[in-house]
Amino acid sequence: MTLPDLASEIQKPEPEEIDEKIQLGLHYLAHNAGLKGRPSGNERCSNCRYYLEPDEPLSYCWHMKLRILVDDDWWCRWWQGNEWGLTEAPSK
Ligand code: SF4
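The numbering used here applies: residue 495 is where the sequence shown begins, and numbers increase by one.
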């Protein structure tokens, strides 16, 4: 008696249609914003007024054309200085 080949019977996870739809939408947003996964000089998400939680390494960007999670070291063309200028948020 041979055992069933369990590895071939277990389905590998695959992206679904909804994932491709979301990916396309995010790609469009990122392209419009010129979103980069790195700072531009001293400008970065963590010192932008739209970065909701300046002390967190990942936070929500509330810019009306984005409204996505971003990394504190990213940057986009809609960057605007926060109330502390180019510095990081004051430590608590
Ligand atoms: S507007 Fe741009 S630079 Fe500012 S937090 Fe959002 S993605 Fe980052």
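Each residue gets a CB set at the ideal place from its N, CA and C atoms; glycine is no exception.
H525 has its Cβ no nearer than 7 angstroms to any heavy atom of the ligand SF4.
The secondary-structure analysis by DSSP pairs E511 with nothing; it has no beta-bridge partner. Boundaries for S534: no beta strand (DSSP E) harbours it, and the DSSP string shows neither H nor E there. Membership of I562 in the beta strand (DSSP E) is indicated by the continuous run 562 to 565. Short note on Y545: C-beta closer than 7 angstroms to some heavy atom of the ligand SF4. Annotation: H557 to Y544 spans about 6 angstroms, alpha carbon to alpha carbon.
The beta carbons of W569 and R538 sit closer together than 8 angstroms.
R571 and E514 have their alpha carbons spaced roughly 25 angstroms apart.
Taking C-beta separations shorter than 7 angstroms and ignoring five residues to either side along the sequence, the partners of A527 in its chain run K559, L560, C570, R571, W572, following chain order.
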